[in-house]
Each structure stands twice: as C-alpha cells, then as structure tokens.
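Chains A and Z, in that order, are what the protein sequence lines are.
Residue numbers for the first sequence follow the working numbering, so the first one is 564 and each next one is one higher.
Residue numbers for the second sequence follow the working numbering, so the first one is 564 and each next one is one higher.
Note that the Cβ used here is the ideal one computed from N, Cα and C, for glycine as well.
Predicted, not measured: the structure shown is a model, and the values here were computed from it.
There are 2 protein chains.
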Amino acid sequence: MIQQENPQVIARTSLHRELVDRLQLLIIGGELAPGIKVPERDLCAQFGVSRTPLREALKVLASDGLVRLEPNRGAWVTTVTVSEVNEVFPVLGALDAISGELACEHITDAEIDEIRALHSQMIESYERRDLDSYFSINQKIHHAILLAARNDTLTTSCQALSLRMQRARYLANMTEGRWYDAVQEHEKILTFVAERNGKKLAKTLRDHMESKRVSVVRWLQNQDAASEE
Amino acid sequence: MIQQENPQVIARTSLHRELVDRLQLLIIGGELAPGIKVPERDLCAQFGVSRTPLREALKVLASDGLVRLEPNRGAWVTTVTVSEVNEVFPVLGALDAISGELACEHITDAEIDEIRALHSQMIESYERRDLDSYFSINQKIHHAILLAARNDTLTTSCQALSLRMQRARYLANMTEGRWYDAVQEHEKILTFVAERNGKKLAKTLRDHMESKRVSVVRWLQNQDAASEE
DNA sequence: TGACTTAATTATGAATTCAAAATTACGTTG
DNA sequence: CAACGTAATTTTGAATTCATAATTAAGTCA
C-alpha cells in the first residue's frame, strides 16, 4: 500500500491560503488571544512550515483587520475596542439589511423550510440555555439568509466583518433579558422571511444588529471597568 | 554630503505595503490590464525588489479581488464581469446609503461648504464635458461624504469595493443622457446633504448607485457584443 | 543602588536558493 | 504532416540565508 498519511490532502490549495484559514480559527477561537504578539516561530513549528507562507498569511489577515503589523516590530492580534464595535456593527447592519432584501427576492420554499427548521432548533437551544448551540445555529440562520441573497460579494464582505467581531467569544455576553429579546427578534425575522417581506426583513435585521451592538458595547465596557481594578 | 539618490523614499513603510498601493494604481489605471497574467519578473525588475515582497502584495490584492491566484500557475488581473457588477453595486449602494445617514449625523457646516464647492466645480467640468475632471471631483464628493460619516471601517469597505469597479476606466461609459441624469442626481445629493436629511440622502445615494449599475452593465454588454465580431 | 551606554542577542524584512510543477520545445511514430 | 509522448526550459511555491532593526543583557559611572 502506498504511503499516504492524510488521504484527504490532495494539497490542491497553497500553503498560505490554508494558513489564513487556520490562523483565523485560532484567532476567533481565542487560542491566539487579542493583544498578544503573534508567535511567528512557534506557529511555524506548530504547522511545520517556514516563515515565508506564514508571513504571507499574516499580511492577508492584517488587511482583514485581524492582526496589526508594525514595521520591524512584528504582528499583534488585534483587540476588539468599543469604537471598533461602534463602527463595524452599523456597517454589518446595512449589509444584513440588503441581504434580507435580496434574499426575499430569490429564496426558494425549500430554503425557507430550512431556515424554519434551524429556527426551531435554535429555540430549543434557547430553552435548554445552551449558549454554544444557540450561537452556532444563529450563525447558520444568518448564513442561510446570506446564501439566499445570491450575492457572493455580499457574503464575503459580511463574513470578513463578522470575523472581526467574533474574536475571543465576545458574543458570549448574553444576559437573560437580552437573550429573550434576541429570540423575539428572531421570531420576527422568521416571519418576514417566510412572507418574503424584504423591506420589513431588512429593517428587522438592521435593528437586530443595533441591539447586538448595544449589548456588546455594554459588555465591553463592563470588561474594561472590571480589568481596571 | 550624504548619498541619497531618491530623497522621497524614507521607506518608513514596509515594501509589501508600498507594493500593494503601487499595484492597485497600475491595475485601476489599466497599465496592468484586466485578464493579463501578472508579469512577476518584470514587476520585480521595475520596482527593484525581490519576489518575496511582491508575492506578499499579490496575496493581499487577491483577497481584495483585484487579482486571482491559481495554485502553481500564477496570478492574473481579474476582469470586471457583468455578474460581478450586479453583485458589487448593490452592496456599494447599501454602504453608500448608510454613509449618507451617518454623514448627516456628524457633518459640520464647513464640510457642507466644502462639498458645495466641489459640487460647483463638478458642474463646471460637466459643462466643459471634461470627463476626467468630472470623475475626479465626483470621487472627491463621495469621499467627503464618507469622511463625514466618521466610520473608518465603512470607508475601508467602500474603497475596497470601489477599487474593484474602477479597473480599466470602466466608469468612462457616459452617454450624454446618462451624464445629464447623473448630474441631476448629484443636485439632489447636495440638497439633502445641506439639509442633513439622512433618510432622503440615503435613498438618493442608493438610487444613484443603482443607476450607475444599470449604465455600467449596459456598457459592458456592448463591449462584449463588440468583441464578438 | 540606579540611571545611562554600549554590547550581545533575537526577531524581522527581504533576497536568494532550491525543489517541484507547469509550460514550451522537440522528436518520434503512425 | 498531425498527433502524441518525452525532454528541456521556465515559472512557481516555499525554505533558507543574510543584513538590519529592535530588544534584551551587561557593564560603567555618578
């Protein structure tokens, strides 16, 4: 038998592209914590690659705002600041709104059913107070709407900005009250998707994002206050 | 005296960053025409750099959609397709709309005056039928509105998408009728900016972008038809 | 002892090198 | 002479090397 330790790896993609994906996961997963210096040497060892492709990946991540490059000093994982949140969420809101409008123009009955199913699962997660599951399904719903919008550019733009907001589980700041409200908002989202009511869906998605902004900012400020002790 | 043949080059920024900017200019200026293979070796010679920083820059440009990388085959300057235009313009429209809303919240009287002045200059360019000048001032107006929105994330997102639409002077498809309409739209834009009427400005900017989309698509299809002969 | 200088070490940025893939050129065969 | 297969060349992707900047450590002097 021919030696082939990872059969799935046809190595169809280049190293730097693979590294971009892996590093993104490390960053949004928190393994590469916000604020720390990117341990270039360690990562090279960990992935078994040389510095060249790793550094190429860092350049791409920097242009996406996930790391910050300082000339002759290296790369740092960016932190999520209040002002950044106040910038990004309104933009995401506008993009979500247009995605809702476009989705209503193109979505199929099957896709609506799928979103309905996801919604039910999400409600179950909510009732179990299973935050991880809730977030995961929540993302799937938003992604399903994006897919229905039939606009790859929009999808890419949204995901790039979402990534920046996902660093280090910042979204995990759900008070009981906020969580309840979010679920109510999602009920409206489902309704308007099912009705293919583009305008109302757009407005609901944008309001939803604004609520999220407020809630994330509040949490961040609590964090800041706590860390000052 | 110390030898210093290019005094302007303080080289404060890294090579790859500089190269990203230079290559962007070459691409949107048409010197690197859509569809051609990126002449890596030539560009290295032209800029007097090695392949490493140039290739880093290409990775960044690829993530911005200005070039397309094919594993083991190299990089190509992307072409503007009808479907891409149909994707990007609606997204740009949504971003422009939100930028109008935010601008009305933050813009100062001085900034309004500046936009008014730019608008007058643009009208003069229109009356002289000076397309280059018209486009240049047009861009400045949109940029001024973006600046007034006080949202760097929004600015970055808009500019990235705008760049993709600027390849090879595609915007230079102004019929007499379309040009007239565009100027009328800009009159409304100025009015609503001056009134700080966010909602109406948002709608006007979005409609403006939609008109642009239609016009660009029409022109692209004429191009395609012409090239098939 | 503490602040400042200077030397040693480390990390970064970019050029160079090298192996592998793709392309081109060439020769062979039907 | 056309199509296929093989060899030579070129190009790419990535590792390595090297010069320089930044950081740390050591030493000196008040």
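* Buried or exposed: residue 659 of chain A, going by 16 or more other Cβ atoms within 10 Å of its Cβ? -> Flag for residue 659 of chain A reads buried.
* Would you mind stating whether residue 642 of chain A and residue 598 of chain A have Cβ atoms separated by less than 9 Å? => Between residue 642 of chain A and residue 598 of chain A, the C-beta spacing is below 9 Å.
* Asked: CA-CA distance, residue 756 of chain Z and residue 771 of chain Z?
  -> Near 14 Å, if we compare the C-alpha coordinates of residue 771 of chain Z and residue 756 of chain Z.
* **Segment contact flag, the segment 773 to 783 of chain Z with the segment 644 to 658 of chain Z, C-beta cutoff 8 Å, min 3 pairs** => Output reads yes: the segment 644 to 658 of chain Z touches the segment 773 to 783 of chain Z.
* Amino acids of chain A, ordered along the chain, whose beta-carbon sits closer than 8 Å to that of residue 579 of chain Z -> Per Cβ cutoff of 8 Å: 622.
* **Contact set between the segment 703 to 725 of chain A and chain Z, restricted to residues whose Cβ is under 7 Å from the partner** => From the segment 703 to 725 of chain A, only 714, 715, 716, 717, 720 have a Cβ closer than 7 Å to chain Z.
* **Amino acids of chain A, ordered along the chain, whose beta-carbon sits closer than 8 Å to that of residue 619 of chain Z** => The answer, in chain order, is 618, 619, 622.
* To do: Jot down the residue ranges of each uninterrupted alpha helix (DSSP H) in the segment 668 to 736 of chain A, minimum 4 residues, whole runs only, in chain order.
  => DSSP runs (the alpha helix (DSSP H)) wholly in the segment 668 to 736 of chain A: 672 to 690, 694 to 711, 715 to 728.
* Asked: Since residue 600 of chain Z and residue 579 of chain A are thought to touch, with beta carbons under 8 Å apart, how far apart are those beta carbons, to the nearest angstrom?
  -> Incorrect: roughly 19 Å between the Cβ atoms, too far for contact.
* residue 588 of chain Z in three-state terms, based on DSSP -> Correct three-state label for residue 588 of chain Z: helix.
* Quick one: is residue 612 of chain A near chain Z, going by C-beta distance under 9 Å? -> It does not: the Cβ of residue 612 of chain A has no partner Cβ on chain Z nearer than 9 Å.
* Could you work out which residues of chain Z lie near residue 653 of chain A, taking near to mean beta carbons separated by less than 8 Å? => Chain order gives the chain Z residues near residue 653 of chain A as 661, 665, 714, 717, where near means a beta carbon separation below 8 Å.
* Asked: Looking at the C-beta of residue 632 of chain Z, does it have a partner C-beta in chain A at a distance below 9 Å?
  -> At least one chain A Cβ lies under 9 Å of residue 632 of chain Z.
* Just the Cα atoms here: how many angstroms apart are residue 577 of chain A and residue 633 of chain Z? -> For residue 577 of chain A and residue 633 of chain Z, the distance between alpha carbons rounds to 9 Å.
* Got a sec: is the Cβ-Cβ distance from residue 626 of chain A to anything in chain Z below 9 Å? -> Under the Cβ criterion of 9 Å, residue 626 of chain A is counted among the residues facing chain Z.
* **Contact set for residue 689 of chain Z: own chain, Cβ-Cβ below 8 Å, skip 5 residues either direction** => Listed in chain order, the non-local C-beta contacts of residue 689 of chain Z below 8 Å within the same chain comprise 697, 742, 746, local neighbours out to five positions each way being set aside.
* Asked: Below 9 Å between beta carbons: does that hold for residue 664 of chain A and residue 764 of chain A?
  -> Taking 9 Å as the cut-off, the Cβ atoms of residue 664 of chain A and residue 764 of chain A count as close.
* Name the residue from Z:647, Z:617, Z:646, Z:627 whose alpha carbon lies nearest to the alpha carbon of residue 637 of chain Z. => Of the candidates Z:647, Z:617, Z:646, Z:627, the one whose C-alpha sits nearest the C-alpha of residue 637 of chain Z is Z:617.
* Should residue 701 of chain Z go down as buried or exposed, given a rule of 16 or more other Cβ atoms within 10 Å for buried? -> Classification for residue 701 of chain Z: buried.
* Asked: Does the Cβ of residue 724 of chain Z have 16 or more other Cβ atoms within 10 Å, making it buried, or fewer, making it exposed?
  -> Its Cβ being crowded by 16 or more others within 10 Å, residue 724 of chain Z is buried.
* To do: May I ask you to report which of helix, strand or coil DSSP gives residue 777 of chain Z?
  => Helix at residue 777 of chain Z.
* **Spatially closest choice to residue 758 of chain Z from Z:719, Z:687, Z:703, Z:671, by CA coordinates** => Residue Z:671 is the option with its Cα nearest to residue 758 of chain Z.
* Asked: Does the beta-carbon of residue 619 of chain A have 16 or more other beta-carbons within 10 angstroms, so that it is buried, or is it exposed?
  -> Note on residue 619 of chain A: 16 or more other CB atoms within 10 angstroms of its CB, so buried under the neighbour-count rule.
* In whole angstroms, what separates the C-alpha of residue 786 of chain Z from that of residue 727 of chain Z? -> So the two alpha carbons sit approximately 18 Å from each other.
* Asked: Which runs of the alpha helix (DSSP H) fall wholly inside the segment 614 to 670 of chain Z and span at least 4 residues, in chain order?
  -> You should have 614 to 626, 645 to 669.
* Asked: What's the call for residue 750 of chain Z, buried or exposed, on a 16-neighbour Cβ count within 10 Å?
  -> Residue burial is scored here from C-beta neighbours: residue 750 of chain Z has fewer than 16 other C-beta atoms within 10 angstroms and is therefore classed as exposed.
* **Delimiting residues of the alpha helix (DSSP H) encompassing residue 596 of chain A** => Run containing residue 596 of chain A: none; DSSP gives neither H nor E here.
* Asked: According to the neighbour-count rule (16 or more other Cβ atoms, all chains shown, within 10 Å of its Cβ), is residue 650 of chain Z buried or exposed?
  -> Burial call: buried.
* Are residue 708 of chain Z and residue 680 of chain Z close, meaning C-beta to C-beta below 9 Å? -> Cβ atoms of residue 708 of chain Z and residue 680 of chain Z: not closer than 9 Å.
* Asked: Rounded to a whole number of angstroms, what is the C-alpha to C-alpha distance between residue 614 of chain Z and residue 691 of chain A?
  -> Distance between the alpha carbons of residue 614 of chain Z and residue 691 of chain A is about 55 Å.
* Shorter than 9 Å from the beta carbon of residue 777 of chain A to some beta carbon of chain Z? -> Not closer than 9 Å to any Cβ of chain Z, the Cβ of residue 777 of chain A fails to qualify, so no.
* If you compare alpha carbons, which of A:594, A:717, A:661 is closest to residue 761 of chain A? -> Selected option, being the one with the closest Cα: A:661.
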